[in-house]
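Chemist: Sharing a structure, written as structure tokens. Questions coming.
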Amino acid sequence: MQLAKVVGNVVSTQKDKNLVGCKLLIIKKIDEYGEYEKYSSQSTAVAVDSVGAGIGETVIVTSGSNARYVYGDKMAPLDMTIVGIVDEIQIV
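Each residue of the sequence shown is one higher than the one before, counting from 1 in UniProt numbering.
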């Protein structure tokens with residue numbers, strides 16, 4: 001799992017049938033201090049929202065085959081899913 005910040009949303013009228021009804025958000029990965037990842041080809045991505053996140057919120061995302069399990073369909077074309085909204089990050 002990774003930390004990310006929601007920076008926008010995606011509207012898609014034509015998409016795979018497994019994505020109908022899914023909220024698509026644009027996320028940018030961040031580190032534990034809330035700083036955006038730099039120099040990464042995958043620092044910005046589209047993720048399916050499963051928790052009702054909004055723009056500006058810090059979220060937890062899961063990727064790969066684990067992202068599909070949130071929706072219970074192993075064949076769904078999901079690569080990244082938002083699985084939590086972060087309330088606070090504490091670093092010791």
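Just so it is clear, CB atoms sit at the ideal spot from N, CA and C, and this is done for glycine as well.
How would you write the range of the alpha helix (DSSP H) that Asn66 sits in, first residue to last?
Modeler: Counting from 1 along the sequence shown, the entry for residue 66 is found at position 66. Per DSSP, Asn66 belongs to the alpha helix (DSSP H) from 65 to 69.
Chemist: Return the CA-CA distance between Val10 and Leu78, expressed in angstroms with no decimal places.
Modeler: As a first step, residue 10 must be located in the sequence shown, where it is residue number 10. As a first step, residue 78 must be located in the sequence shown, where it is residue number 78. If you take the alpha carbons of Val10 and Leu78, they lie about 15 Å apart.
Chemist: CB Thr81 to CB Lys5, shorter than 8 Å?
Modeler: The sequence position of residue 81 within the sequence shown is 81, counting from 1. The sequence position of residue 5 within the sequence shown is 5, counting from 1. Their beta carbons are not under 8 Å apart, which means Thr81 does not touch Lys5 by this criterion.
Chemist: Which residues mark the beginning and the end of the beta strand (DSSP E) in which Lys17 is found?
Modeler: To locate residue 17, count along the sequence shown from 1; it is residue 17. Counting along the chain, Lys17 falls outside any beta strand (DSSP E), and DSSP gives it neither H nor E.
Chemist: Do you know whose CA, among Leu19, Ser12, Thr13, Gln14, lies nearest Met75's CA?
Modeler: Within the sequence shown, the letter at position 75 stands for residue 75. For Met75, the nearest C-alpha among the options comes from Leu19.
Chemist: Considering only C-alpha positions, which residue in the set Gly54, Glu37, Ile27, Asp49 is nearest to Val70?
Modeler: Locating residue 70 in the sequence shown gives position 70, counting from the first residue. Taking only the C-alpha atoms, the option nearest Val70 is Asp49.
Chemist: For Lys38 and Lys29, what's the separation of their Cα atoms in angstroms?
Modeler: The sequence position of residue 38 within the sequence shown is 38, counting from 1. The sequence position of residue 29 within the sequence shown is 29, counting from 1. Their backbone Cα atoms lie some 9 Å apart in a straight line.
Chemist: Give me, in chain order, the residues of the same chain whose beta-carbon lies closer than 8 Å to that of Val51; leave out the 5 immediate sequence neighbours on both sides.
Modeler: The sequence position of residue 51 within the sequence shown is 51, counting from 1. Cβ within range, chain order: Val59, Ile82, Val83, Gly84, Ile85.
Chemist: Among the residues of its own chain, which have a CB less than 8 Å from the CB of Ser43, if the five just before and after it don't count?
Modeler: Within the sequence shown, numbered from 1, the residue matching residue 43 stands at position 43. Excluding residues within five positions, the ones whose Cβ falls inside 8 Å are Lys28, Lys29, Tyr36, Glu37.
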